[in-house]
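The listed protein sequences derive, respectively, from chains Z and R.
Position 41 of the first sequence, counting from 1, maps to 41 under this note's numbering, and the rest follow consecutively.
Position 92 of the second sequence, counting from 1, maps to 1092 under this note's numbering, and the rest follow consecutively.
For glycine and all other residues, C-beta sits at the position ideal for the given N, C-alpha and C.
Structure first, commentary second.
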Amino acid sequence: MATPSVEKPTYETIRTLPGDDVRQILWRYSDRYDLQMLVQSVRSVARGLVAHLVAEGARNTHEWTDRKNELLKAYDESGVSASFLEPEEGGFIAGPKNMVLALVAYELAWVDGGAATGALAGCLALSPIHERGTVEQKKHYMSLCAPPQPGEDRKPWRGSFCLTEPIPYVGVDTGMLNGKLRVAEWKDGEEPMLQVDKRGRFITNMGFANFVTAAVQSVDERIKGSCIVILEENDPGIFDRGTPTKKMVHQLSSTNDPIFSLKVPASRIVGGYTVKDGVIVPNFDHSEVIEAVFKRTRVTVALMTSAKLLSAIEPIIRYQRGRFRGAEQATPGTIRYDLGLQQREDALHRLVDIWAMGEASAALGFAAARCFDVLDPLEKEKNTILEEKGIRGGKSEMKFFKGVQKDAIDFLNLCAKPEEARANSTRFVELHENKLVQYAILDAVAGVLCPASKLWNTGKGNVLMREAVSLMGGYGITEDCPGFLGQKWMDSQLEATYEGPEAVQRRNLTVTMQNELFLKQFGNWIVEMRHIAAQKPGTGACALGTAMQLWLWTYKHLQHAKDPQGNKLYQSARQGVTFPMADALCWLLASRQQILDLIELEHRGPENPVVAEGLAGTVQFLTDLCHVQTARSVGEVGRICAELVHGFRRHPAWDEAGYKGCYAQDEMDLMEAFVPGLPACATDVVGLDGCHPDKAGPCANCEGLEPFQRLRARMDNCLTGAMLAKDRAAEALTKVMIPEALDYPQ
Amino acid sequence: MPDPLQTLEPVTGVGLPALKNEMMLPAVLDPWAGHALYEAANLAKKVPGSKVYLVSLGQKAKLQQVMMTIAQKVSFELVAIDGPASGFTDAHEVAPALAAAIMAIPGIDKSRLLLFGGWESASRGAGATMQILGEILGITDQFEGVDEITVQDDGSFQVLERVEGGKHQVSTCAGTPAVLGWATGNLGEPRNDPQVGMANMRTVMPALQRAKPAKVAAEGVLYGRVELPKQQRNTRIVKDMPADQIAREIIEWISQK
Ligand SMILES: Cc1cc2nc3c(=O)[nH]c(=O)nc-3n(C[C@H](O)[C@H](O)[C@H](O)COP(=O)(O)OP(=O)(O)OC[C@H]3O[C@@H](n4cnc5c(N)ncnc54)[C@H](O)[C@@H]3O)c2cc1C
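Structural data, given as structure tokens:
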């Protein structure tokens, strides 16, 4: 049975796979030549050496082999290692590095996630120093890690970040530290020497790291709390790299369970310390540092899975088209020859789903990276302002920001007004220029985007990678599947786990999404989606707006809703309520960003002749993908919200309380005299003898939920046209031009 | 030129044949031109005071993306000319466009010029452009299929050109100017170095902005037919056939063609 003919295209359709020019506009780096060059440079390593290693089976051992070790040199030479550094430290890109690392991760993970992890673990090790280190620490370690310049004979240092400990200690829960810190020696007037005892589990880069940034807890009354310390391989004591982890994934990165027992000077405490009443007080405790680090590095992990999904498209199309070529029955010119498996609707529709999710997930990840790029300098300014005001430490900062929050809400209220209405508002201009206000607003969004992208891109991406593998049939789960799809499927599971598994991201989200500043912006985004829908119907933006309304309604409802025992539903212990709400939010954020990127492409595309050439078709196709993805998001949000809103109410039974809400048969008979046909509408009618309709109980009373029901019904209605978009996208997949062969290994 | 890995499907309409969706396909520097560029950069590094200009005719918008890679490999200054690079242009039009661009380089001294290029191109293996270009510029010392150049202290240089039978012809040239149409040379593709790229970009972007359109529409050239080579699969599985018989069959098959 062939695909039933769908609407014949009277529209333009995508002609080739989106090239770099399109991506640069979508992900907003078309005017960043530094980033464009970095992409090409990383790509040549990924599709060259990395792809060769995968193809020749280098992943089939846990050991860090000489062949794998060649990767390090390739990272140094191609600028990957230096990409994290400032020019004065030996790098070549000035300013915030979130987009830089995001693109590095994306390009490497396009071929192999382990390579991406390994390449970025060095940055992860440096991150505590970068985010919270002292000036001297930064200068020292960054320069040591800089790859040698031409003519320089020096081996660059590599680092590991060591937080996770053997069970039962630190994993997800970063509080239960077992790594110990005590004073080993403290001579009068001299720098104290510290004894560090730490065991690590699953520590990346440990096979070759020269230094480690490790989280430790004081067990000495002369040191306060916890901190991160820097350990070096030549420090006196034990620096045991431990055994390699028997990973089934990411084998192109090195992972070990190390053991350290070392004596180090107190100057190795990241961010420095002060001495107060004979006690060493680290300037930052370990969780402060970790928070600053993970806030950023998780975004890069999110993009690793996005790359996998988008990299799967080309090999799948090629496989589908060529599936029957060479068979006697499939002669050139026949549908079987030309379209292969693409003559089957299901094969196309599933591929559309993968592509749509890939676009949404990349859109979300890169948006998060860009957000941090804007946030980083603002954060520095905020720190300077607070320092000038003498405000330091969590509590006093929080108190101070309560005032800022009020201004920020004012600003967002003004933003929600039509442009004409705020044109002459001096208050608007003043708040717009207020760095603290802008910081607070953006920080609220960043705090949501980071865990959302890490959680959704990896967790849901993993599920869709399984689809991708299955579309390749048996080939999919072989080592030599083009595009290494089987390996990528497995790898994405690790991406969902390390740097905090899904539960951690959900927990994080449930906190950050409660920020009033975020919720206020979310409300404004609903208006934004409606506006986009009015300007450009077809993206699903309107449906998304309704789904966002539904989510917000549910969120507010859950704040005071209770279960039958009278317990509050929305509370941190009730992960069954808060976690699904976090999940639902991710779908919305991803779809929104996908639509925003599309609008950017449509707007900016004509400026670039290469993009302008096929722009109408590209935009039509990506619009359809937006619509497909929105329909999926709307479905997920509807399901989750309905489960939460209805699911915690006890279903009425055929008991005394239940009967109270029903009509008795004789009442019904009487009323029918006035309202003919009523018995056909009122389902719950009980007989005088107690007999009742054959079902679980009387239908539940939905008092107070009418707005929800109206929104939900409206939302379903909003799905109108979504499957037509899917059909169009599917048709486009049969026509889009792909290269003759995959460009890796090359 | 369009990346050879892409599906390159000729389309004919009015005027020149073109490639389907050419503008949208990724482009690369022609591999032969690439060898010439890397050899030039290598030589320039050894000869103080020399400088490499990369004169390139291609679609301006595509050139920019190509530069994101090429500009990272070696140091050069770009001279860009805007025009099609599909392989359907004609050497008789491309060469004058290149010649004009070269002569317009401020302060260029023709007598000290070493003109490097590919001895042919992967999109159109006519092998004529460099020779015509040399003639226009009045540079008559020309070498084709070059694999090596060794410059002597006195400014003369020795050139290895490919000849029949896998051998090289060794020539000595008294000095510049000369045209060298490169074969593969001896150098590997330099690795990407974003630091080199950042330095080159300072001149690359203005050069792209300055790029003038060249008239290379192959006027008067008539393309009778353009088509992709047909894929053929004639497989026969035979067991234990003696080598002699295999050879005989192959000869038979070739002589049928
Ligand atoms: C290949 C690899 C490389 C790694 N590299 C590093 C590295 O370089 N440095 C480093 O420090 N660590 C590293 N890790 C460790 C990694 O970060 C942890 O494995 C990860 O954070 C999960 O911790 P865990 O293994 O202890 O899982 P657990 O904490 O045991 O989690 C098990 C399950 O319980 C759930 N769970 C846990 N807590 C909660 C909660 N509060 N609420 C609800 N559910 C919960 C989790 O979601 C998960 O599903 C690496 C791990 C791997 C596998």
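- For V1151/R, the uninterrupted beta strand (DSSP E) segment begins and ends at 1142-1151.
- Distances from the alpha-carbon of N457/Z to those of L309/Z, R67/Z, G114/Z put L309/Z closest.
- In chain order, P1194, G1197, M1198, M1201 make up the part of chain R whose C-beta sits under 9 Å from the C-beta of D34/Z.
- Residue Y1053/R holds the alpha-carbon nearest to the alpha-carbon of N1200/R among Y1053/R, H1035/R, N1021/R.
- Here the alpha carbon of R321/Z sits roughly 15 Å from the alpha carbon of R350/Z.
- Counting only runs of 4+ residues, the alpha helix (DSSP H) found wholly inside the segment 1030-1071 of chain R occupies 1031-1046, 1060-1070, in chain order.
- With respect to the C-alpha of N701/Z, the residue from G57/Z, G647/Z, L348/Z having the closest C-alpha is G647/Z.
- Of all residues in the segment 720-739 of chain Z, only M737, I738, P739 place a beta-carbon less than 8 Å from a beta-carbon of chain R.
- Of the residues C371/Z, G237/Z, R466/Z, P156/Z, the one whose Cα lies closest to the Cα of C450/Z is C371/Z.
- Annotation: P1190/R to V42/Z spans about 14 Å, alpha carbon to alpha carbon.
- In terms of side-chain proximity, the C-beta atom of K460/Z is found no nearer than 6 Å to any non-hydrogen atom of ligand 1.
- Taking one beta carbon from each stretch, the segment 497-510 of chain Z and the segment 573-585 of chain Z have 3 or more pairs nearer than 8 Å; the two touch.
- Taking 7 Å as the cut-off, the Cβ atoms of S591/Z and Q620/Z do not count as close.
- Note that the segment 459-477 of chain Z touches the segment 339-358 of chain Z; at least 3 beta-carbon pairs, one per stretch, sit closer than 8 Å.
- At a beta-carbon threshold of 9 Å, the residues of chain R lying near R15/Z are K1020, N1021, M1024, ordered along the chain.
- The beta carbon of I640/Z lies closer than 6 Å to those of P580, A584 in the same chain, with the five residues before and after it left out.
- Close to chain Z, meaning a Cβ-Cβ distance shorter than 8 Å, are the following residues of the segment 1176-1193 of chain R: R1191, N1192, D1193.
- Per DSSP, the continuous alpha helix (DSSP H) segment holding E381/Z begins and ends at 345-389.
- Listed in chain order, the non-local C-beta contacts of A444/Z below 6 Å within the same chain comprise N515, L517, F518, local neighbours out to five positions each way being set aside.
- Per DSSP, E731/Z lies in no beta strand (DSSP E); the unbroken alpha helix (DSSP H) holding it starts and ends at 722-733.
- At a cut-off of 6 Å, the beta-carbon of K435/Z does not count as near ligand 1: no heavy atom of the ligand is closer than that.
- Under the DSSP assignment, N256/Z falls outside any alpha helix (DSSP H), being part of the beta strand (DSSP E) whose first and last residues are 255-265.
- Taking the Cβ atoms as the reference, V1238/R lies roughly 51 Å from V1074/R, outside the contact range of under 8 Å.
- Here F239/Z is bridged, per DSSP, to F260/Z.
- Between the alpha carbons of F674/Z and C691/Z lies a distance of about 24 Å.
- An exposed status is given to I335/Z, since fewer than 16 other beta-carbon atoms sit within 10 Å of its beta-carbon.
- Close to K1212/R, with beta-carbon spacing below 9 Å, lies no residue of chain Z; the smallest spacing is near 15 Å.
- Sequence-ordered contacts of the segment 1066-1077 of chain R with chain Z read M1068, T1069, A1071, Q1072 [C-beta pairs closer than 8 Å].
- Each of A1071/R, E1009/R, V1014/R, M1001/R was checked against the Cα of E1219/R, and the nearest Cα belongs to V1014/R.
- Put simply, the CB of A1174/R is far from chain Z, with every gap to its CB atoms at 7 Å or more.
- A straight-line Cα-Cα distance of about 8 Å links E77/Z and N1192/R.
- Residue ranges of uninterrupted alpha helix (DSSP H) with 4 or more members, entirely inside the segment 275-333 of chain Z and ordered along the chain, are 286-322.
- Taking non-hydrogen atoms of ligand 1 into account, the C-beta of Y169/Z is found less than 6 Å away from none of them.
- If you look at D491/Z, you'll find it in the alpha helix (DSSP H) that goes 485-495.
- Judged by pairs of C-beta atoms under 8 Å, the segment 210-220 of chain Z touches the segment 173-184 of chain Z, as three or more such pairs exist.
- Close CB contacts of I1132/R within its chain, under the 6 Å cut and outside five residues either way in sequence, are with A1091, A1095 (chain order).
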